[in-house]
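Data first, discussion second: the structure below is written as structure tokens.
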Amino acid sequence: MGVYDIIYKKKNQVAVLLDPEKIEDPDKLKEFSKLLKGSFIDFIFIGGSTVTKEQFQNTVSALKKYSDLPLVIFPGSGQQLSAECDALLYLSLVSGRNPEYLIGQHIQSAFEVEALNIEVIPTAYILIDGGSQSSVAYVSQTTPIPAKQTQILRQTALASKFQGKKLIYMDAGSGAKNSIDPKMIEEINDLELPIIIGGGIRSINQISLAHMAGANVVVIGNKLEDQPEFLEEIKKYKHNLRAQSFLNN
Ligand code: 1GP
């Protein structure tokens, strides 16, 4: 099964986001990959707002050595590409109006993406206000959708679907003060597009609320960078979910 099919069909998934700029030290990466084994984490997402080509490639090569988890590119720019990854979230920043992040970077990197020969997943990338300015909003020079503006969100998600996007990634931004309100997830969970959410997730309760609202994948970056032992709590949470679904069937 490809990465998209897994995202689409499985419930209650969790991805770890690694920013190559923050985790360049190969020993640190090796240590973290060890912790990931048996943690029930579903994917590693890799990318960042200001990562260089070299940092990106070095981190991907190291991760491929140490981990078997599907490696998914969550690119901050058209420079962050690698044939060693399993899939590319082909992001269009549809909450913004900066042509560079809607189509510009895509054209510049199109031949490179073609040559990668990996799974490319057309993704509507929607920034939601997380209560603090995010790097991605700053770098892309775009304004996020206000935190509770369900109608704008729904219009944006619908337009994305009609344009052929296969996936919605709603992001409050790395290190956001407030994570995405579950009501925002509920607003678009009937569109039959899988939903990824991230930004400011620091507790099992937040993960659980997002899953219950309809998120297929919850992404965690900063919390695990600061406290890798949080993986243990995720493991327990996922274990309980599996036990429950076993009992219900
Ligand atoms: C940001 O969704 C990610 O793009 C993850 O955010 O680092 O706050 O978990 P955090």
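For what it's worth, the working numbering labels the leading residue of the sequence shown as 69, then goes sequentially.
Ideal Cβ positions, reconstructed from N, Cα and C, are used throughout, including at glycine.
Computed from a predicted structure; not experimentally measured.
Contact set for residue i: own chain, Cβ-Cβ below 8 Å, skip 5 residues either direction
i: residue 123; result: 88, 89 and 92
i: residue 236; result: 191, 192, 194, 225, 228, 256, 259, 261, 262, 263 and 264
i: residue 109; result: 82, 83, 84, 137, 299 and 302
i: residue 319; result: Residue numbering for the chain in the displayed model covers 69 to 317; residue 319 lies beyond these limits and cannot be assessed.
i: residue 307; result: 108
i: residue 156; result: 140, 141, 143, 149, 181, 184, 186, 187, 188 and 189
i: residue 275; result: 82, 269, 286, 288, 302 and 305
i: residue 278; result: 247, 248, 250, 253, 265, 269 and 286
i: residue 152; result: 128, 129, 132 and 139
i: residue 73; result: none
i: residue 232; result: 190
i: residue 77; result: 69
Any non-hydrogen atom of ligand 1 closer than 8 Å to residue i Cβ
i: residue 287; result: yes
i: residue 20; result: Here the chain comprises residues numbered 69 to 317, so residue 20 is not present and cannot be evaluated.
i: residue 273; result: no
i: residue 291; result: yes
i: residue 242; result: yes
i: residue 111; result: no
i: residue 70; result: no
i: residue 268; result: yes
i: residue 119; result: no
i: residue 85; result: yes
i: residue 239; result: yes
i: residue 204; result: yes
i: residue 142; result: yes
Environment of residue i [buried if 16+ CB atoms lie within 10 Å]
i: residue 221; result: buried
i: residue 69; result: exposed
i: residue 129; result: exposed
i: residue 199; result: exposed
i: residue 315; result: exposed
i: residue 160; result: buried
i: residue 230; result: exposed
i: residue 313; result: exposed
i: residue 283; result: buried
i: residue 113; result: buried
i: residue 106; result: exposed
i: residue 175; result: exposed
Own chain partners of residue i with C-beta closer than 7 Å, once the 5 adjacent residues on each side are dropped
i: residue 98; result: 134
i: residue 158; result: 188, 189, 190 and 191
i: residue 292; result: 84, 298 and 299
i: residue 309; result: 80
i: residue 103; result: 296 and 299
i: residue 244; result: 198, 199, 200, 202, 267 and 268
Cβ-Cβ separation, residue j to residue i (assumed contact under 8 Å), whole Å
i: residue 154; j: residue 71; result: 6 Å
i: residue 281; j: residue 250; result: 4 Å
i: residue 272; j: residue 238; result: Wrong, their Cβ atoms sit about 20 Å apart, outside the cutoff.
i: residue 146; j: residue 173; result: 4 Å
i: residue 127; j: residue 170; result: Incorrect: roughly 27 Å between the Cβ atoms, too far for contact.
i: residue 212; j: residue 163; result: 6 Å
Own chain, CB closer than 6 Å to residue i, minus 5 neighbours either side, in chain order
i: residue 117; result: 144, 203, 204 and 207
i: residue 177; result: 146
i: residue 101; result: 134 and 135
i: residue 240; result: 196, 198, 247, 248, 267 and 268
Original post:
Does the stretch 285 to 301 come close enough to the stretch 248 to 259 to have 3 or more Cβ pairs within less than 8 Å?
Top reply: no
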